[in-house]
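Protein sequence lines correspond, in order, to chains A and B.
Quick note on this note's numbering: the first sequence kicks off at 161 and runs consecutively.
Quick note on this note's numbering: the second sequence kicks off at 112 and runs consecutively.
The C-beta atom is built at its ideal place from N, Cα and C for all residues, glycine as well.
Taking it in order: structure first as structure tokens, then the write-up.
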Amino acid sequence: MSYAAVHDDVHHDHKPTGIGRWLFSTNHKDIGTMYMVFALIMFFIGGAMAMVIRLELFQPGLQFVDPQFFNSMTTVHALVMIFGAVMPAGVGLANWMIPMMIGAPDMAFPRMNNMSFWILPFAFALLLSTFFMQGGAPAGGWTMYPPLVLQLGDGLPFLIFAVHFLGISSIMGAINIIATVFNMRAPGMTFMRLPLFVWTWIITAFLLIAAMPVLAGAVTMLLTDKYFGTAFFDAAGGGDPVLFQHVFWFFGHPEVYILVLPSFGIISQIIPTFARKPLFGYASMVYATASIAFLSFFVWAHHMFTAGMPLAGELFFMYATMAIAVPTGVKVFNWTATMWRGSMTFETPMLFSIGVLFMFTLGGFTGLMMGITPVDFQYHDTYFIVAHFHYVLVPGIVFGIIAGVYYWLPKWTGYMYDETLGKWHFWLSTISVNVLFFPMHFLGLAGMPRRIPDYNTQFTDWNQIISIGGLAFGLSQLILVWVVIKCVRGGEKATDQVWEGAHGLEFTLPSPPPFHSFTTPPKVTEAMAHS
Amino acid sequence: MSAAATRTAKKLFIFAIAMFGFGYAMVPLYNVFCDVTGLRLKGKTGEITETVAATVYVDPNRLVTVAFDTNVNSALPWRFKAQQYTMKVHPGVITEAVFVVENNSNATVIGRAVPSVVPTQAALFFNKTECFCFTKQTLTAGERKEIVVRFVVDSKLPKKINTMTLSYTFYEAADSKNVAQSDSNTVKAIDIKS
Ligand code: HEM
Ligand SMILES: [Cu+2]
């Protein structure tokens, strides 16, 4: 391990200046910042699309946009949020925190790190440019099922290449993270002493490397089906469109854990800090995370219960889906047990983490309901499933990322953020997110289908409440932007430890930390290992 | 970047490439998996010879309704109808059903029919000795043709299934365009309604 030779400018601590600092950056903190800022911008672009959806759905009938554009909104909203907001935010946090948490000076491959970031704006330029093309933006759903997706006009190759680039970017990011953790840990930082955020990220990175290439393969098959005469999914040529669903969801279900595991890692750091107790069941957390990741490769067909499967298949995927609830239950139990009899305080990061704990679990329960094959025949493709995945994705994952931002923001900037504004942000978000997503359960059970611009009049009331909740949630997020800007500008000085109950190597560095985290490796002992 | 990190990265890179290959391998693997486990229920039907069909036990006490459903993909300028909408057959008896296809365009077009059977559990017990779907069909401009399928329902068909639907969809075959080009009538009509 060569701490001194990580890269060229390791021996001096002054940052490069100007635009070049960002364009050519090889510094894990700068790249982490760029990922986070990019994710925030995409979060608002995707959010604007959601506002268009909710505007149209405020009343039955067609008011503002035509159905084709409406479908583009649902499709591109999902792609932007998943690949543009949630995944880059996770990678950004990994970039910022992992070297500091394991006692390394930087990531293992700083230049590859730079490249994996800069691919992202390029990929989204490709994707968003389809709005100005003949045939419009993708409108066949983010799942890109053929034959519908193949009817897209000139935008199709752009969609596919965008997915390729996103895949390449996240695979490079994942390789970098694993190589860093495997090879650059400080002396004494054994695997079972790693902070849980690092553990969840190793496992996420393995999921990325296993799942993203399969998605790349699936969309390549779409491309060759459309332009090069292959017939993977074309019944006329002996192919099978349902095959795409199998390949896509073989990627798709692990992908949901790619999204959620970093959030699990973040709250596993935060809850012990504010409960002032070590994490309950550290080892079982690691094994539970690994089992979730492993099992996630054997449940994909729960997205296809209604597509036509042999009974044995339906049963297998039903039981496998139920099985995932076991390790997930272990995790929920451990977080709760960590808080049990702790001396808890409720600063903003803790509030958001508790929000994750409650509302992710709620989304997990509706997932279990849909995992039961016979009842999924009713829930499938209704607003019930929209409620399910928004509960796991927004208060389950986005809240986790926000919790992480509040938790580490004083470390990054050297200043405390405005706690009052943070609390406002939490409460407004939590109330509005439930006004936004909870009634979707009712609509789904009453039979309102997903992905439609119009609906029967009996659904009007709930839809209006949902739209109001959506607007309130969107506006509440502006508070976060304000808090971050304010905190970067200045404020009360943060101590090195930042939080009274915080443990871990990142809290032994000054706030803000030096440009290169640990130029001399710290010695890690059992006592200072994971909080 | 240390040599050890480079080694780790190389291994992971190979793993990623292998997973890309695995995505493609899933295409044949699904079929292999279905065959090995006997889980093939894609609604695909079996093909058997007349001699084998003749050995199927005939159940004179049971009548099964076979319904026919015909579809044409919108890109193919053909009409396609079954001469009979349903048939009542005894399991084990070889039966012939007749269909009519007509090329409404003024160019030669090659089409290909894709069959499926519902309920999917019935597909395993539905066998064909002859079918227009086994080969591509070529129709010259305006040509009308009778095509047949000869089938036998296995007498082991589960008791609870009394009706099955045999559905066909005609698509334009991939090599159809080349034929149309070399045809004397190079203008291809797209008037499907006539
Ligand atoms: C880990 C966080 C999770 C995320 C991010 C997530 C995300 C999603 C998403 C995005 C969909 C919709 C896919 C589409 O567009 O069709 C979905 C559907 C589904 N999820 Fe989850 N999910 C999570 C957890 C779970 C859990 C824990 C279960 C069950 C134990 C589950 C079971 C299901 C089922 C059965 C469906 C299919 C429903 C249908 O199409 O009828 N999910 N999930
Ligand atoms: Cu799933």
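Measuring C-alpha to C-alpha distances from P414 (chain A) to each of A:A370, A:V552, A:L280 and A:L217 identifies A:A370 as the nearest. Shown here, F366 (chain A) sits in a helix according to DSSP, grouped into three states.
For F525 (chain A), the uninterrupted alpha helix (DSSP H) run begins and ends at T508 to G531, by DSSP.
Annotated as distal: G489 (chain A) and V516 (chain A), with beta-carbon spacing of 7 angstroms or more.
Under the three-state reduction of DSSP output, N217 (chain B) falls in the coil class, being neither helix nor strand. In the DSSP assignment, N182 (chain B) falls within the unbroken beta strand (DSSP E) covering V175 to V183.
Classified as exposed, T162 (chain B) has fewer than 16 neighbouring CB atoms from the shown chains inside 10 Å of its CB. Under the three-pair Cβ rule at 8 angstroms, the segment 420–432 of chain A counts as touching the segment 558–573 of chain A. Taking a cut-off of 8 angstroms for Cβ pairs, the segment 227–239 of chain A and the segment 608–617 of chain A touch, as three or more such pairs fall below it. Distances from the CB of H676 (chain A) to the heavy atoms of ligand 2 are all 6 angstroms or more. Annotation for V446 (chain A): M352, L356 and W359 place their beta carbon closer than 8 angstroms to its own, counting only its chain and skipping 5 residues before and after.
Taking the Cβ of H413 (chain A) as the reference point, at least one heavy atom of ligand 2 falls within a distance shorter than 6 angstroms. Of B:F131, B:A164 and B:Q232, the smallest CA-CA separation from N238 (chain B) is found for B:A164.
In the structure shown, A193 (chain B) adopts extended strand secondary structure according to DSSP, grouped into three states. About 11 angstroms separates the beta carbon of I279 (chain A) from that of F321 (chain A), a gap too long to meet the 8 angstroms contact definition.
With contacts defined as CB atoms closer than 7 angstroms, A453 (chain A) and L367 (chain A) qualify as a contacting pair.
Listed in chain order, the positions of the segment 198–221 of chain B with a beta carbon within less than 9 angstroms of a beta carbon of chain A would be empty, since no residue qualifies.
Exposure of Y168 (chain B) is indicated by the presence of fewer than 16 other C-beta atoms within 10 angstroms of its C-beta.
Segment contact: the segment 209–227 of chain A against the segment 382–392 of chain A, fewer than three CB-CB distances shorter than 8 angstroms; contact not assigned. Per the DSSP secondary-structure output, Q248 (chain B) pairs in a beta bridge with B:G222. Residue-level contact check: I335 (chain A) touches chain B, since one or more beta carbons of chain B fall below 7 angstroms from its beta carbon.
M194 (chain A): member of the alpha helix (DSSP H) spanning H188 to E216, first to last residue. The C-beta distance from M293 (chain A) to G327 (chain A) rounds to 22 angstroms, too long to fall under 8 angstroms, and the pair is not in contact. Judged by their CB atoms, M260 (chain A) and S513 (chain A) are not nearer to each other than the 7 angstroms cut-off.
In chain order, T498 and G502 place their CB closer than 7 angstroms to the CB of K437 (chain A), counting only its own chain and leaving out the 5 sequence neighbours on each side. Taking a cut-off of 8 angstroms for Cβ pairs, the segment 258–267 of chain B and the segment 196–209 of chain B touch, as three or more such pairs fall below it.
Selection A:A283, A:A285 and A:L308 evaluated against G295 (chain A) yields A:L308 as nearest (Cα-Cα). Each of A:V407, A:I591 and A:V212 was checked against the Cα of V236 (chain A), and the nearest Cα belongs to A:V212. Straight across, the Cα-Cα distance linking A662 (chain A) with F434 (chain A) is about 8 angstroms. Counting C-beta atoms within 10 angstroms of its own C-beta, Q248 (chain B) has 16 or more neighbours from the protein chains shown and is therefore classed as buried.
Proximity to L569 (chain A) across A:A472, A:N343 and A:M196 peaks at A:M196, based on C-alpha coordinates.
Annotation for W622 (chain A): P599, F602 and L603 place their beta carbon closer than 7 angstroms to its own, counting only its chain and skipping 5 residues before and after.
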